[in-house]
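Respectively, the protein sequence lines represent chains A and B.
Following the working numbering from start to finish, the first sequence increments by one per residue and tops out at 254.
Following the working numbering from start to finish, the second sequence increments by one per residue and tops out at 746.
C-beta atoms are modelled at their ideal positions from N, C-alpha and C, and glycine is treated no differently.
Predicted model only: the values in this text are computed from it and were never measured.
The structure appears below as structure tokens.
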Amino acid sequence: MSESMTKVDRAANDLFGNVRKANSGDKSAIAALRTELAGANGNAIIGVCGDLAFQAEESLLVAMLGEQEGAKTCVREKMKQMRVELGWDESSALERILIERIVATWLDLYFAELVCAQWKGGSIPEAKYKQHRIDRSHKRHLSAIKVLATVRKMELSILVDVKAEIRVNQTPADEAHTASFASVL
Amino acid sequence: MREYIGQGPIAELAHQMDVEERLEREAERKAFEAVQRRDAELDRTLDSFVELSNAVTSGLLILAGYHQHKRGNWRMSHERVND
């Protein structure tokens, strides 16, 4: 792990701690939160969110489809279509993270259902495990949808300037997928 | 459990079938364990992203003047809006 990545991890841990304290009304934690999310750390955290989403999606695609590049391109195209349907182009930086979360959790659910559908018998614990995995993925996907709906309902006008880049299923041949997170919340 | 099935070619065949069945079960068990390991790895990356996105969302909502009531709904917290 690189030194800069360790710094980002540390900043993320601080963020978790400050969110908990700030939610209970700690004013110094609110001030710290403002610094973390508006400054260079904020940009780095948004960037890490994008990287983690990218890693999760790519790992799922490899687990699902292995070396079948054509099939992977089709799924990536579907994911791109989902982003557009969820309003990617008109969305703020925060909303884009949440859209990416919906896309990533959809892919995870799709994979869990595919594995279950292709299952050719086996032990009862194995069947239970596969069903449990679908349930968990489903819950995670619904939660992702709920968070985006909540944020949109609140029509946030936050004075936090978050500028960062997110990689969205970027492949060398598909640089056009790179989306800017430069919009101001 | 052991079952006596005599001796001779039939017994040898039965033994061979037992061995193959055991190997098959062992292979299935190993494959299942590999699937569980792969799923755990996939979950780790996805969960990191989900947790971090939750923290960023919560942080920005707090800065916008909201607070989360008992880990449930987000409510406007008037006293903090202008802090």
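Item: Near-chain B residues of the segment 206-220 of chain A (beta-carbon distance less than 7 Å), N- to C-terminal order; Value: Arg209, Val216, Thr219, Val220
Item: Cβ of Leu705(B) within 9 Å of any chain A Cβ; Value: yes
Item: Bridge partners - Trp737(B), DSSP secondary structure assignment; Value: Gln731(B)
Item: Ile168(A) vs Arg152(A) beta-carbon contact at 9 Å; Value: yes
Item: Residue burial classification, Gly671(B) (beta-carbon count within 10 angstroms, cutoff 16); Value: exposed
Item: Contact list for the segment 673-697 of chain B against chain A, Cβ threshold 8 Å; Value: Glu691, Phe695
Item: Interfacial residues, the segment 117-128 of chain A to chain B, with Cβ spacing under 7 Å; Value: Val117, Cys118, Leu121, Ala122, Gln124, Ala125, Ser128
Item: When Val682(B), Lys693(B), Leu676(B), Leu724(B) are compared against Ser192(A), the one with the closest alpha-carbon; Value: Lys693(B)
Item: Chain A within 9 Å of Asn745(B), Cβ atoms only; Value: Note that Asn745(B) scores a pLDDT of 47, beneath 50, so its modelled location is shaky and nothing firm can be said.
Item: Inter-residue CB distance, Val719(B) and Ile114(A) (contact presumed, cutoff 8 Å); Value: 6 Å
Item: Same chain only: Cβ atoms within 6 Å of Ala91(A), ignoring 5 sequence neighbours per side; Value: Ala98, Ile99, Leu102
Item: Contact with chain B by Asp204(A), beta-carbon distance below 9 Å; Value: no
Item: Beta-carbon neighbours of Arg700(B), restricted to chain A and to distances below 8 Å; Value: The contacting residues do not exist; Arg700(B) stays about 11 Å from chain A at best.
Item: Other residues of its chain near Ser18(A): CB distance less than 6 Å, five sequence neighbours each side excluded; Value: With chain A running from 70 to 254 in the structure shown, residue 18(A) is simply not present.
Item: Beta-carbon gap between His201(A) and Trp175(A) smaller than 9 Å; Value: no
Item: Interface partners of Gly722(B) on chain A, CB under 8 Å; Value: Leu84, Asn87, Val88, Ala91, Leu102, Glu105, Leu106
Item: Buried or exposed (CB count within 10 angstroms, at least 16 for buried), Gly735(B); Value: exposed
Item: Identity of the residue in Cys143(A), Thr142(A), Ile171(A) nearest Gly156(A) by Cα; Value: Ile171(A)
Item: Members of the segment 730-742 of chain B that neighbour chain A once the beta carbon cut-off is set at 7 Å; Value: His730, Gln731, Trp737
Item: C-beta neighbour in chain B for Leu167(A), strict 9 Å; Value: yes
Item: Cut-off 7 Å between Cβ atoms - residues of its own chain near Trp188(A), not counting five sequence neighbours on either side; Value: Lys199
Item: Burial state of Leu708(B), where buried means 16 or more other Cβ atoms lie within 10 Å; Value: According to the sequence provided, residue 708(B) is Thr. The question's Leu does not apply to it. Classification for Thr708(B): buried.
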